[in-house]
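Peer 1: Numbering (my numbering), first residue to last: 117 to 227.
1) Which residues in the same chain as residue 188 place their Cβ atom closer than 7 Å to its Cβ, once the five residues preceding and following it in sequence are excluded?
2) Less than 7 Å between the C-beta atoms of residue 216 and residue 168, yes or no?
3) Counting only runs that start and end within the segment 146-218, where is the beta strand (DSSP E) found for 3 or more residues in a row?
4) Spatial neighbours of residue 139 within its chain, please: CB distance less than 7 Å, with the 5 preceding and 5 following residues excluded, ordered by chain position.
5) With DSSP run on the structure shown, which of helix, strand or coil describes residue 144?
6) With a threshold of 7 Å on Cβ separation, who are the neighbours of residue 178 within its own chain once the five nearest residues in sequence on each side are excluded?
7) Here's the rule: buried if 16 or more other CB atoms are within 10 angstroms of the residue's CB, otherwise exposed. What is residue 200?
8) For residue 143, count neighbouring C-beta atoms within 10 Å of its own C-beta (all shown protein chains included) and say buried if the count is 16 or more, exposed if not.
9) Keeping to the same chain, check which residues put their C-beta closer than 7 Å to that of residue 193; ignore five residues upstream and five downstream.
10) For residue 135 versus residue 153, is the C-beta distance shorter than 7 Å?
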């Protein structure tokens, strides 16, 4: 029954990420939409596993991630040859996002 529960969790996550309704009219366009939803689910799962290990956010559903992490206001600034992301200091989850980004940057490059 655990395998089935994991499969149902992944289906629920995909629906929360955008698979509930196919927004386009053409079959090929909807196929691309499904691929994008699948990619978003995988990126979210890997980011939670690698960047949020040891924090309860590792188990958050996509709706909660959107509400707390993905909705933090930010501004991209380019100075010289650097691109800098300025995040809102007033958001309650900014510290968690900064820690997650630092953890991801510290990972070794894949070989």
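By construction, the Cβ of each residue, glycine as well, lies at the ideal position given by its N, Cα and C atoms.
Peer 2: The answer reads as follows:
1) Looking up residue 188 in the chain shown gives position 72. Cβ neighbours of residue 188 beyond the five flanking positions: 203, 204, 207, 209, 210 and 213.
2) Your numbering for residue 216 matches position 100 in the chain shown. Your numbering for residue 168 matches position 52 in the chain shown. Result yes, Cβ atoms of residue 216 and residue 168 sit closer than 7 Å.
3) 190-195 and 198-203
4) Along the chain shown, read from residue 1 onward, the residue named residue 139 stands at position 23. Counting only Cβ-Cβ distances below 7 Å, and skipping sequence neighbours, we find 149.
5) Locating residue 144 in the chain shown gives position 28, where the first residue counts as 1. Residue state, collapsed to three classes: helix.
6) On the chain shown, position 62 is the one that residue 178 refers to. Excluding positions up to five away in sequence, the list reads 129, 132, 133 and 160.
7) For the purposes of this step, residue 200 is identified with residue 84 of the chain shown, where counting begins at 1. Exposed is the call here.
8) For this step, residue 143 is matched to residue 27 along the chain shown. With fewer than 16 Cβ atoms within 10 Å of its Cβ, residue 143 is classed as exposed.
9) Translated into positions along the chain shown, residue 193 becomes position 77. Counting only Cβ-Cβ distances below 7 Å, and skipping sequence neighbours, we find 200 and 202.
10) For the purposes of this step, residue 135 is taken as residue 19 along the chain shown, with counting starting at 1. For the purposes of this step, residue 153 is taken as residue 37 along the chain shown, with counting starting at 1. In this structure, residue 153 lies closer than 7 Å to residue 135 by Cβ.
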